[in-house]
Amino acid sequence: MFISHDERYEATEEFLTIWKRLLKGENVQFHGKHLQAENGRLLFSPAQTPHPPVFFGGSSAAGIQAAAKHTDVYLTWGEPPAQVKEKITQVKKQAEKEGRTVKFGIRLHVIVRDTEEEAWQAAEHLIRHLDQKPLMRRKKSVTGDGLSGSKTNGGIAPREERQT
Numbered sequence: 005m006f007i008s009h010d011e012r013y014e015a016t017e018e019f020l021t022i023w024k025r026l027l028k029g030e031n032v033q034f035h036g037k038h039l040q041a042e043n044g045r046l047l048f049s050p051a052q053t054p055h056p057p058v059f060f061g062g063s064s065a066a067g068i069q070a071a072a073k074h075t076d077v078y079l080t081w082g083e084p085p086a087q088v089k090e091k092i093t094q095v096k097k098q099a100e101k102e103g104r105t106v107k108f109g110i111r112l113h114v115i116v117r118d119t120e121e122e123a124w125q126a127a128e129h130l131i132r133h134l135d136q137k138p139l140m141r142r143k144k145s146v147t148g149d150g151l152s153g154s155k156t157n158g159g160i161a162p163r164e165e166r167q168t
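With the working numbering applied, the sequence shown corresponds to residues 5 to 168, in that order.
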């Protein structure tokens with residue numbers, strides 16, 4: 005099931021549409037490009053209403069559009085602050101067009117040492133020894149291409165762009 009980048013987000017949107025309707029107690033008829041549902045229904049009510057929160061990340065235009073329509077919490081990497089700000093602004097604008105508000109989360113790695121210099125040395129040691137090749141091969145085997153978030157060097161900003 006290798007589909008294009010944007011088709012993955014289309015399929016995600018179809019799934020979340022069906023899933024949310026099921027959790028509302030609807031008898032779901034759905035005929036999408038990627039997914040079909042005939043008389044779909046759940047035999048139980050969700051413990052969280054209207055549904056468990058949806059956490060989602062995606063940096064491409066298609067990912068941001070899907071997030072704006074469906075996510076409760078948009079997740080991003082700890083990229084340079086200006087990049088994070090721009091992404092959050094894009095998601096907020098898209099969500100407003102959908103009549104929605106979205107919360108935000110960010111993935112950061114914290115390195116603590118006795119001094120700031122020791123912390124930077126530890127961080128730079130980790131970065132120097134990162135081997136991205138196995139990760140990229142795995143992503144490619146699953147997705148058919150690299151992920152948009154990985155195009156930002158895994159969220160590793162040059163030292164001069166990092167916040168202290």
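Here a beta-carbon is modelled for each residue, glycine too, at the ideal position from N, C-alpha and C. These numbers were taken from a predicted model, which means no experiment stands behind them.
Query: Are the CB atoms of residue 59 and residue 103 nearer to each other than 8 Å?; Result: no
Query: Going by C-alpha distance, which of 127, 101, 120 is nearest residue 113?; Result: 127
Query: By DSSP's criteria, residue 15 is part of a beta bridge. Which residues make up the other side?; Result: In the DSSP output, where bridge partners are listed per residue, residue 15 has none listed.
Query: Sort out for me which residues DSSP pairs residue 77 with in a bridge.; Result: 59, 107
Query: Taking Cβ positions, are residue 106 and residue 95 nearer each other than 8 Å?; Result: yes
Query: Which residues bound the beta strand (DSSP E) around residue 121?; Result: No beta strand (DSSP E) holds residue 121; the alpha helix (DSSP H) holding it covers 120 to 132.
Query: In its own chain, which residues sit with a C-beta less than 6 Å from the C-beta of residue 34, not counting the 5 before and 5 after it?; Result: 22, 41
Query: Could you tell me which residues DSSP pairs with residue 48 in its beta bridges?; Result: Residue 48 pairs with nothing; no bridge assigned.
Query: Report yes if the C-beta distance between residue 56 and residue 50 is below 8 Å; otherwise report no.; Result: yes
Query: Quick check: the Cα distance between residue 80 and residue 10, rounded to an integer number of angstroms?; Result: 18 Å
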